[in-house]
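Let me begin by presenting the structure, written as structure tokens, before commenting on it.
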Amino acid sequence: MLIEVAKLSTCEEYQKYVGILMDEMHIKEELVYSKNKGCLTGFTNLGDINEHLLKYEKALSSGDKSKDLAKTMMVFMVRGLFTSLQFPYAMLPCFNLSGDLLHQPLWECIFRLERCGFKVLFVTADGASKQKFI
8 MLIEVAKLST CEEYQKYVGI LMDEMHIKEE LVYSKNKGCL TGFTNLGDIN
58 EHLLKYEKAL SSGDKSKDLA KTMMVFMVRG LFTSLQFPYA MLPCFNLSGD
108 LLHQPLWECI FRLERCGFKV LFVTADGASK QKFI
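One gets my numbering by counting positions in the sequence shown from 1 and adding 7 to each.
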């Protein structure tokens, strides 16, 4: 979808220059299931949905409502340097975020973007202490 939005196949070389903006957003700490979209929102790990629903049911019955629920969402946004491209590339639900946990997803984003044909020139964050240790 990003490739279609950026019209990468018809771009000049200088129009492929992008940057990644990172920001952590606080989200509501509840499990929400959207019937229309068929997805869970607010979960830390989105593996097998049935497994997570069973874990959540057990946590509710034991009185532990905070286990495995995300508190924040780390968003990686792609911005074009010489174009108006703005694309939320990746959103990672997090429970306890630290700089060492951000290292791998950030480099994965850079690797995938460059494999698509983009040229990642910068990464910027809001200066939160967790993001300084990447």
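Each residue gets a CB set at the ideal place from its N, CA and C atoms; glycine is no exception.
Take the Cβ of residue 12 as the centre, count every other Cβ of all protein chains shown within 10 Å, and call the residue buried at 16 or more, exposed below. Taking the first residue of the sequence shown as position 1, residue 12 is located at position 5. Flag for residue 12 reads exposed.
List the residues that DSSP assigns as beta-bridge partners of residue 24. Locating residue 24 in the sequence shown gives position 17, where the first residue counts as 1. Partner(s): 126.
Taking contact to mean at least 3 C-beta pairs separated by less than 8 Å, is the segment 121-128 in contact with the segment 94-103? no
For residue 67, name the three-state secondary structure that DSSP assigns. Working through the sequence shown from its first residue, we reach residue 67 at position 60. Three-state result, residue 67: helix.
I'd like the span of the alpha helix (DSSP H) that includes residue 13, first residue to last. Against the sequence shown, residue 13 aligns to sequence position 6. Element bounds for residue 13: 9-13.
So, are the CB atoms of residue 85 and residue 27 less than 9 Å apart? Position 78 of the sequence shown holds residue 85. Position 20 of the sequence shown holds residue 27. Yes; because the gap between Cβ atoms is below 9 Å, this pair is in contact.
Neighbourhood of residue 53 by C-beta distance below 6 Å, restricted to the same chain and skipping five residues each side: Taking the sequence shown and counting its residues from 1, the one referred to as residue 53 is at position 46. With a pLDDT of 48 at residue 53, under the threshold of 50, the modelled position of that residue is not reliable, and no figure is offered here.
Are there 16 or more other CB atoms within 10 angstroms of the CB of residue 81, so buried, or fewer, so exposed? Taking the sequence shown and counting its residues from 1, the one referred to as residue 81 is at position 74. Classification for residue 81: buried.
Would you call residue 31 buried or exposed, if buried means 16 or more other Cβ atoms sit within 10 Å of its Cβ? To locate residue 31, count along the sequence shown from 1; it is residue 24. By the 10 Å Cβ count, residue 31 comes out buried.
Can you say whether residue 14 is buried or exposed, counting buried as having 16 or more other CB atoms within 10 angstroms of its CB? Walking along the sequence shown from the start, residue 14 turns up at place 7. Exposed is the call here.
So, at 8 Å on beta carbons, what are the nonlocal neighbours of residue 104 in its own chain, with the 5 sequence-adjacent residues on each side left out? The residue given as residue 104 occupies position 97 in the sequence shown. If we look at residue 104 and ignore the five residues flanking it on each side, its Cβ neighbours are 31, 79, 81 and 137.
Does the beta-carbon distance from residue 83 to residue 116 come in below 9 Å? Locating residue 83 in the sequence shown gives position 76, counting from the first residue. Locating residue 116 in the sequence shown gives position 109, counting from the first residue. Cβ atoms of residue 83 and residue 116: closer than 9 Å.
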